[in-house]
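Residues 0 to 348, numbered by numbering that gives the first Met the number 0, are exactly what the sequence shown covers, in order.
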Amino acid sequence: MTLTTSAILIERHGRPEVLVEREVPLADPGPEEVHLRVQAAGVNFADLFMREGLYDTVPPRPYSPGFEVAGEVMRVGHKVPTWKTGDRAVALMRHGGYARDVVLPARQLFRYPDSLTPAEAAAVPVVFLTAWVALFNSGNARSGETALVLVAGGGVGSAAVQLAVHHGMRVIGTAGTERKRSFVTDELGAEVCFDSRGDWEPQVRALVGDRGVDVALDAMGGRHTAACRRLLAPLGRLVFYGLSDAMPRAKRSWLRAAWAWLRTPLIHPLSLIQPNIGVSGIHLLHLQKREDLMIPALQQIYRGIEAKHWRPVLDRTFGLSRAGAVEAHRFIHARQNLGKVVLVSSKVG
Ligand SMILES: NC(=O)c1ccc[n+]([C@@H]2O[C@H](COP(=O)([O-])OP(=O)(O)OC[C@H]3O[C@@H](n4cnc5c(N)ncnc54)[C@H](OP(=O)(O)O)[C@@H]3O)[C@@H](O)[C@H]2O)c1
């Protein structure tokens, strides 16, 4: 008998309401695979881009978005010695997490601290790994340096602020509302957080003077990237990892996406020489070849949570259902989220 599960799918592109829920076949786990009953699925900004049809790395439609889940192990392949039925695990995947069940290679599963709920565990992998790679691998961040973190109250931003503060950096953030700004300073430990909707560049300049900032983390694009670049100290590093500015506000708009793209500076290598600056980009989905870095990083991230060095910033949960996913996407579109949004199964207490 073919087993099925319920999944929330992108069948066509458009507003959050285009998401649908369907029964889909559920494969038996292969020898090195695990069947996980999903208790919580993290929602990422990229899921919105996928739904809008603005994301670059996607499978053919229909498919389910969702890069990260936490759940309970149901069945294991006969070549999987490390997991057993009933274990709690968190998993990273390329897509497919908005579902009641997933079947995936055992090497994509990780243990998480007992102190975390499944929703908190699922709020960690993508945003913390992105922040980690941006700061420590691409950004080569060092204690005593200054980090500028854009959208510091968002998922990746709130992780990056915490990691940088713990690393002994001076952290300057930007965020869109007073609630987010005070959270970033008072709860996460940034020195200051400026209004991202205003002209924050002169305010940062006044703070750092001619010296500039050592590491700038930018997933906004447009004018924000240009400002980050101008603010870099000699030997400063700009890490670019997203184009949030391209996200349509109300209805889908290719014009807005194109405008954000056009406003993002094209950087000629020669222009990096005189100011002595570096610019790099990261894309987690294209980092499988560096599992040697990713796996230890994720383990260290969860150890840091256990040791209370940093914590998942979980804002709201919505149901792991079509209605919940639609609401969750609307919530992030409306820029309401402070940290992460997670979909949780109704079976989780
Ligand atoms: N390259 C990678 O591997 C990688 C991995 C993870 C994430 N990312 C990128 O990093 C960025 C942050 O991702 P995230 O999942 O942590 O999301 P997030 O930052 O929590 O995204 C939501 C926040 O983005 C800000 N924002 C700016 N422009 C917006 C717009 N047009 N519509 C809605 N919100 C907007 C809002 O904060 P304010 O109110 O403060 O403006 C909003 O609350 C995204 O661009 C994402 O694609 C890249």
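Think of the CB as a built atom: it goes at the ideal place given N, C-alpha and C, for glycine as much as any other residue.
What you are looking at is a predicted structure, and each value in this text was computed from that prediction instead of being measured.
### Query
DSSP three-state call for Pro30: helix, strand or coil?
By one-based count along the sequence shown, residue 30 stands at place 31. Three-state result, Pro30: coil.
### Query
Considering only the beta carbon of each residue, do Leu149 and Met219 sit closer than 7 Å?
The residue you call residue 149 lines up with position 150 of the sequence shown. The residue you call residue 219 lines up with position 220 of the sequence shown. Against a cut-off of 7 Å, the Cβ pair of Met219 and Leu149 comes out as a contact.
#### Entry: Simplified DSSP assignment, three categories, for Gly348
Position 349 of the sequence shown holds residue 348. Confidence in Gly348 is poor, its pLDDT being 42 and thus under 50, which makes the residue's placement unreliable; the coordinate value appears in the next sentence. Reduced to three states, the DSSP call for Gly348 is coil.
### Task
Would you tell me roughly how many angstroms separate the C-alpha atoms of Gly348 and Pro104, rounded to the nearest one?
Position 349 of the sequence shown holds residue 348. Position 105 of the sequence shown holds residue 104. Low confidence applies to Gly348: its pLDDT is 42, below 50, so where it sits in the model is not reliable enough to give any reading.
### Message
Going by C-alpha to C-alpha distance, which of Gly29, Glu16, Arg36 sits closest to Ser5?
### Response
Translated into positions along the sequence shown, residue 5 becomes position 6. The residue with the shortest Cα to Cα distance from Ser5 is Arg36.
### Task
Quick one: give me the first and last residue of the alpha helix (DSSP H) that Ile304 is part of.
Here residue 304 corresponds to residue number 305 of the sequence shown, with the count starting at 1. 290-305 is the extent of the alpha helix (DSSP H) around Ile304.
### Whole alpha helix (DSSP H) elements within the segment 115-197, 4-residue minimum
Contiguous alpha helix (DSSP H) elements confined to the segment 115-197 occur at 117-121, 124-131, 154-165, 177-181, taking only those with 4 or more residues.
### Message
Starting from Ala324, trace the alpha helix (DSSP H) in both directions and tell me its first and last residue.
### Response
Translated into positions along the sequence shown, residue 324 becomes position 325. Taken as a continuous stretch (DSSP letters only), the alpha helix (DSSP H) holding Ala324 covers 321-332.
### Task
Assess, as a yes-or-no matter, whether the segment 116-123 is touched by the segment 39-50 under the definition of 3 or more beta carbon pairs within less than 8 Å.
By the Cβ test, the segment 39-50 is in contact with the segment 116-123, since at least three Cβ pairs between them sit closer than 8 Å.
### Task
Indicate whether the contact test is met: 3 or more Cβ pairs, each with one atom in the segment 312-320 and one in the segment 277-291, closer than 8 Å.
No, the segment 312-320 is not in contact with the segment 277-291.
### Query
Between Val164, Gly175, His77, Thr145, which lies nearest to Leu337 when the distance is taken from Cα to Cα?
As a first step, residue 337 must be located in the sequence shown, where it is residue number 338. Nearest option by C-alpha distance: Gly175.
#### Entry: Contained beta strand (DSSP E) runs [length at least 3] in the segment 190-254, N- to C-terminal order
Entirely contained in the segment 190-254, the beta strand (DSSP E) runs reaching 3 residues are, in chain order, 191-194, 212-217, 231-239.
### Task
Take the Cβ of Lys78 as the centre, count every other Cβ of all protein chains shown within 10 Å, and call the residue buried at 16 or more, exposed below.
For the purposes of this step, residue 78 is taken as residue 79 along the sequence shown, with counting starting at 1. That one is exposed.
### Query
Quick one: is Pro30 near chain D, going by C-beta distance under 7 Å?
No chain D is present in this structure, which holds just one protein chain.
### Query
Of the choices Val19, Thr173, Val102, whose alpha-carbon is the least far from that of Pro28?
In the sequence shown, residue 28 corresponds to position 29, counting from 1. Residue Val102 is the option with its Cα nearest to Pro28.
### Query
From Arg248 to Glu51, what does the alpha carbon distance come to, in whole angstroms?
Residue mapping note: residue 248 aligns to position 249 of the sequence shown, counting from 1. Residue mapping note: residue 51 aligns to position 52 of the sequence shown, counting from 1. Between the C-alpha atoms of Arg248 and Glu51 there is a straight-line separation of about 11 Å.
### Query
Do His328 and Leu47 have their C-beta atoms closer together than 7 Å?
To locate residue 328, count along the sequence shown from 1; it is residue 329. To locate residue 47, count along the sequence shown from 1; it is residue 48. Contact flag set, yes.
### Query
Residues bridged to Glu74 by DSSP?
The count along the sequence shown starts at 1 and reaches residue 74 at position 75. Just to set this straight, residue 74 is Arg in the shown sequence, not Glu. His34, per the DSSP bridge assignment.
### Query
Do the segment 49-63 and the segment 12-21 meet, that is, are 3 or more Cβ pairs less than 8 Å apart?
Yes, the segment 49-63 is in contact with the segment 12-21.
### Task
Examine the Cβ distances between the segment 63-71 and the segment 88-97 and report whether three or more of them are shorter than 8 Å.
At 8 Å Cβ cutoff, the stretches touch.
### Query
Which stretch, first to last residue, makes up the beta strand (DSSP E) that contains Asp314?
The residue given as residue 314 occupies position 315 in the sequence shown. Counting along the chain, the unbroken beta strand (DSSP E) around Asp314 starts and ends at 313-318.
### Query
Taking just the CA atoms, how far does Pro58 sit from Leu2?
The residue given as residue 2 occupies position 3 in the sequence shown. The residue given as residue 58 occupies position 59 in the sequence shown. Near 22 Å, if we compare the C-alpha coordinates of Pro58 and Leu2.
### Query
Do the segment 291-308 and the segment 255-271 meet, that is, are 3 or more Cβ pairs less than 8 Å apart?
Segments in contact, no.
### Query
From what residue to what residue does the alpha helix (DSSP H) around Asp46 run?
Translated into positions along the sequence shown, residue 46 becomes position 47. Segment 44-51, the alpha helix (DSSP H) holding Asp46.
### Query
So Arg169 packs on Thr145, CB below 8 Å; how close in whole Å?
Residue numbering aside, residue 169 sits at position 170 when the sequence shown is read from its first letter. Residue numbering aside, residue 145 sits at position 146 when the sequence shown is read from its first letter. That belief holds up - the Cβ atoms of Arg169 and Thr145 are roughly 5 Å apart, short of 8 Å.
### For Arg196 and Phe182, the rounded distance between their alpha carbons
Counting from one through the sequence shown, the residue named residue 182 turns up at place 183. Counting from one through the sequence shown, the residue named residue 196 turns up at place 197. Distance from the CA atom of Phe182 to the CA atom of Arg196, rounded to whole angstroms, is 17 Å.
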